[in-house]
Amino acid sequence: MRNIDAWVKPTGFITKSGLRGLLIYVRNKSPYQVKFTVNDREFTAGSGLNWFLTEVKPNESIEVKFETGESYSFKPNFQEPRKFRVHIAPTVHTDYGYTDVQSRVEEIHRGNMDVALKISSRGGKFVIEVTEQPFGRIMELLDANRRGLIGVQAFPLNVLTGLCNHEELIRLFYGVRDLRRAGFSIETAALNDIPSAVYALPSVLASCGIKYYIQGANPDRGPLHKLNTWLKSPFKWIGPDGNGVLAWFSGGYGGLIPGFHGYHQGWSAGLLISLDRAEAGLAHFLTTLEERGYQYENVLLYGMFIDNWPASDRFIDVVREFNEKWENPQLIISTTDDFFHEIEREVNGKINSIKGSFGAYWEDGAASTARELAALRLAKKLLYFAEVAYAFDYIKGLRYPKGDIDEAWRSVIYFDEHTWGAWNSVSDPYNPSVLEQWRIKAGFADKALNKAMELTRGDYVSNPYPFTVSGIIENTYVELPSMASRPFIRKPLVRRSVESKNLLIESPYYKVTIKDGKVVSVIDKELNVELIDSSKYTLDEYLYVLGGKGTSMERTILNYLYEGEPTGPVFSIIREYSSRVTGVYENDDVVTVVIESDSYLSKIRKEITLPKARRELIIRNTVDKSENYDKEGVYFAFPFNLSKPRVLIEEPGAFIDVENELIEGGCANWFAANNIVLLKGEFDIAFYTEEAPLVTIGSIFDGVWRGSVKVNNGLLFSYVMNNYWHTNYKAAQGGSFTFTYRLTSSRAIKPSQAHRFFSSPVIGRAINGDLTIDPPEVVVTTVKKWDLGDGVVLRLLEVDGEAKSLTIRSRTLNGYKAYLANPLEEPIEELGEFTNGELKVSVKPRSYLTIVVKRS
């Protein structure tokens, strides 16, 4: 058996003297370096796959001789060369942490701004990857940006968009507004490292005036190298409202290119090493594109420096040397805006359009810190309440705590940034740097929640929504008209006797049967249907999944050449046991059954509650779990009795149909729900998850990476914890955790109805508003003080896929003028005046509507 294989590929590279570039591949199967010659020119191949470029005459034969004795002869057949203009867009990838403690990372990026200015002074260009990189010498950066030498991309940080709520997806880009108002030009957004993003992102970008998008994907635990081989850039990515962006899937064309990450391709190409390495890397990159059918002259080589690297201007010299030697291809140091201007002209509108979501690949890691994730989700809910309450205070002449609210939002966004911890968080979890980085990361969730609670503290129960809401708050039924408050009086529960192991509890709407401590039946009394199928799992059954280290549950790639496959999944499912009813409690508003169970390293306490005045079943699970550094996953099962239902997941900005609106190759193993999953079949079930966003459909995550979903039944799992990652995320978690679920059923439920049903009163400060929306068939994502002047902002989101005509009513706003605005609160056109306390507006299907209301 040979230890060395070699083959060649003719390229379109032409030197200025007329020689052709020949790409030589060497696969060295030994662990040692091996030297070889090509027509007397010497090379060294390391272990594994290598590529090299040499210059030959167009009809020249070559001989590749290895010091180990192997020899290969080739007579390459060169074709008419394709012309390429390679746009090199240098960035430094930003991890807020990971490589070092966050404060040191900030110092590196602060220094990189000085290097960016040096690069621009040498005639090069540079791209600021995210707007939260410390700008430092801002006036010099502004001047360089205006001269087209330094680009700025739109994301504040590399954020896991699936963790955002409807409003947060827009707040990500408020920094763009502020930088533009200072004079910066920003046309491109890029998500780097992260392999996926949600459906509504292109809609939001387009409405914010951001025309271009780059997905700088990393296929580690996001196996786009295998699942997305049909995707060809550039393409138009269309959002749910029909608007979109010109998009570039960085890292490949018809699949990822071996050896090339999506966000530091200059480094991958060798531009930081030497001319020889750059020639070979670029030849490999461009030849692969050409073989896969790439048809354009302009091509993007995106990113330069790996995670938090100190930047340098070394690549400028390599690019200059390359262009002095080669007639084709031509290397151009560009901003990402420059590239998109060129490719936009070249394609002239003749490109494919893609609609849908890429899913939530890396959002699963957030479940490695379930407690902090729950805290942040509560903070977002309270921030909505705070902004609404203080907006009406502001209208009445009272203080609006903008600084506190902005600080809380900043903490929210920093927690949802993709860097959860250190590079060695799993391999060395007690390392001081690992512990310090997690302390800082967790602090963002704590700060957001503490600030939100401080802003909303009080003893009232309030309704911050522009429609009547009802709900169970601490076992007490509360119903409130829009924007109303009242003192909260709790109703205590009274214990009932438990007469047998089998138990039946009822409300006017549901009949629940509990057998041997497990919920085996839930009957909708009005529909006369069984809601669950307990043949395989009972309702809310706890599953502990043990194992998976070193298998495909942990990794999707073994190396960045995408060679080999991880070991197949190995794991055990441990179900709950010793389940028993330990109490039944009741008052005028609810009946609650308490069930206690055990499982591996876990004790579970479940409260199953039936409200007497609401068509709802409420489940509150408290899990006490020991810390475990072996690989684990934790789920609760919800086996709904539906055959091939249509499943809608509430992503930020849209409810998506998982079968029809997940882009092929997107994350089908789990989904990140804002709160609601809607199952539509013989009857409809709306499922609400409070603390834990991840859900799986049809099965738990089993280590088989799928790029599409086929819904065969109503089996749903709440995926509440895992530690499957081998880096970045937490290695283990233990302690007490709470997971709350609510469900309702009906003959038919629209997304807006589900949202309205699950919108609950909030304990806190009083609210003094009078806003109503009729009909209440939209999601209100915020009511807040206008950032740019004296007024308030109202933002709506249509989620049913239907155009809506709405009447907004508020006596407080009578006489105010309303303006249609973009999501960044910049007015576009006048809508009219609140007359007799009313304003009529229209909202398009699956779109946001932002309204600025100003004093006349």
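Here the UniProt record's numbering is used: the first residue of the sequence shown is 1, the next is one more, and so on. Here a beta-carbon is modelled for each residue, glycine too, at the ideal position from N, C-alpha and C.
E684, buried or exposed, once every other Cβ within 10 Å from all chains shown has been counted against 16: It is worth fixing the name first, because residue 684 is Asp in this sequence and not Glu. With 16 or more other Cβ atoms within 10 Å, it is buried.
Residues that E651 bridges to, as DSSP identifies them: A654
G665 vs N228 beta-carbon contact at 9 Å: yes
CA nearest to the CA of S534, picked from S521, P481, Y542, F155: S521
Proximity to D364 [Cα-Cα], best of F701, I808, I773: F701
Residue from H726, P569, L289, V704 with nearest C-alpha to K232: L289
Coil, strand or helix - K680 by DSSP: strand
For V347, the three-state DSSP class (helix, strand or coil): helix
Touching by the beta-carbon criterion (3+ pairs, under 8 Å), the region 11-30 and the region 57-65: yes
Which residues DSSP lists as bridging L53, in chain order: L23
For T689, the residue or residues it bridges with in DSSP: Y741
Among D406, I4, Q753, D524, nearest to R615 - alpha-carbon criterion: D524
Nearest to S579 (by Cα), restricted to the options Y562, Y542, S552: Y542
Bridge-paired residues (DSSP) for S599: S602
Candidates K854, R765, T94: closest to M453 by CA position: R765
Exposure of M721, with buried meaning 16 or more beta-carbon neighbours within 10 Å: buried
C-beta atoms of A283 and A375 nearer than 9 Å: no
contact_flag[the region 703-722, the region 762-779] where n(CB pairs < 8 Å) is 3 or more: no
Residues that K9 bridges to, as DSSP identifies them: L23
For A637, three-class secondary structure by DSSP: strand
Distance between beta carbons of G18 and L53, contact taken as under 8 Å: With a Cβ gap of about 16 Å, L53 and G18 do not count as contacting.
Uninterrupted alpha helix (DSSP H) stretches inside the region 188-244 (no shorter than 4 residues): 201-207, 224-227
The alpha helix (DSSP H) enclosing H755, as first and last residue numbers: 751-758
Proximity of F757 and A686 at Cβ, strictly below 9 Å: yes
Cβ-Cβ distance between L839 and T807 below 9 Å: yes
7 Å CB neighbourhood of G791 in its chain, flanking five on each side removed: V852, V853, K854, R855
Euclidean distance between Cα positions of L539 and V590: 19 Å
Short Cβ contact (9 Å threshold) for Y688 with R742: yes
Exposed unless 16 or more other CB atoms sit within 10 angstroms - verdict on N669: buried
Nearest candidate by alpha-carbon position, reference E344, set D404, W248, G403, M113: W248
Helix, strand or coil at N836 according to DSSP, with G and I counted as helix: coil
Given L824 as reference, the closest of I119, F84, R795 once Cα atoms are compared: R795
Short Cβ contact (9 Å threshold) for H264 with H93: yes
Start and end residues, beta strand (DSSP E) containing W326: 326-328
R146 burial status per 10 Å Cβ neighbour count (16 or more: buried): exposed
6 Å Cβ shell around R605 - same chain, five flanking residues per side excluded: E596, T622
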